[in-house]
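Comments concern the structure below.
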Amino acid sequence: MTVVRAELAPRFYFGDDAVLLAMDTAGVNTVLAALVQAERQGSSRMAHDGKIHDLLIDPGAADIELHDDKVAWRLDDAKAIEIIELSTAMTHSTTGPGHHYVDISAPTETLVLSRNEYV
Numbered sequence: 356m357t358v359v360r361a362e363l364a365p366r367f368y369f370g371d372d373a374v375l376l377a378m379d380t381a382g383v384n385t386v387l388a389a390l391v392q393a394e395r396q397g398s399s400r401m402a403h404d405g406k407i408h409d410l411l412i413d414p415g416a417a418d419i420e421l422h423d424d425k426v427a428w429r430l431d432d433a434k435a436i437e438i439i440e441l442s443t444a445m446t447h448s449t450t451g452p453g454h455h456y457v458d459i460s461a462p463t464e465t466l467v468l469s470r471n472e473y474v
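Per my numbering: the sequence shown = residues 356 to 474.
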């Protein structure tokens with residue numbers, strides 16, 4: 356079973372709210388494929404566990420809208436590449452738990468990319 360879960364995590368990052376993207380190893384690969392497609396084509400869509408993830412490359416953007424049935428990712432090219440590089444690093448490391456932090460604009464200042472930790 357593939358795990359990909361995006362949620363607002365109150366007081367998660369040193370007392371501040373964060374967006375948590377919790378994934379298992381297969382989930383990292385799923386998200387990575389959608390990000391690469393968006394970076395190359397300008398947008399992509401991923402459906403997972405009843406939720407649609409719309410990824411849009413938008414100059415100057417670094418925000419994520421969380422809804423009950425949808426996650427809207429608006430990232431500029433540089434931010435998409437940063438997340439792609441961090442996700443790729445996760446796929447090349449061991450299968451154990453790990454995470455990376457990414458600066459974003461909204462709804463919080465931090466996105467946590469987490470593999471095999473909060474699944």
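All C-beta atoms in this analysis are idealised placements derived from N, C-alpha and C, irrespective of residue type, glycine included.
Is residue i helix, strand or coil when you go by DSSP?
i: A416; result: coil
i: M356; result: coil
i: G453; result: strand
i: V383; result: helix
Determine which residues share a DSSP beta bridge with residue i and list them.
i: A461; result: D418
i: K320; result: Since the first residue shown for the chain is 356 and the last is 474, residue 320 is missing from the structure and cannot be characterised.
i: E440; result: E440 is not bridged to any residue.
i: D371; result: Y368
i: L390; result: None; L390 has no bridge partner.
i: V474; result: V474 pairs with nothing; no bridge assigned.
i: M401; result: H408
i: S469; result: A377 and H454
i: R429; result: L411 and D418
What's the call for residue i, buried or exposed, on a 16-neighbour Cβ count within 10 Å?
i: D424; result: exposed
i: S448; result: exposed
i: D394; result: According to the sequence displayed, residue 394 carries Glu and not Asp. By the neighbour-count rule (16 or more Cβ atoms within 10 Å), E394 is buried.
i: L363; result: exposed
i: M445; result: buried
Just to check my reading of the structure: residue i and residue j have Cβ atoms closer than 8 Å, yes? What is that Cβ distance to the nearest angstrom?
i: L390; j: L410; result: 6 Å
So, at 6 Å on beta carbons, what are the nonlocal neighbours of residue i in its own chain, with the 5 sequence-adjacent residues on each side left out?
i: V474; result: V358, A377 and D379
i: D431; result: P414, G415 and A416
i: H408; result: M401 and V426
i: E420; result: A427
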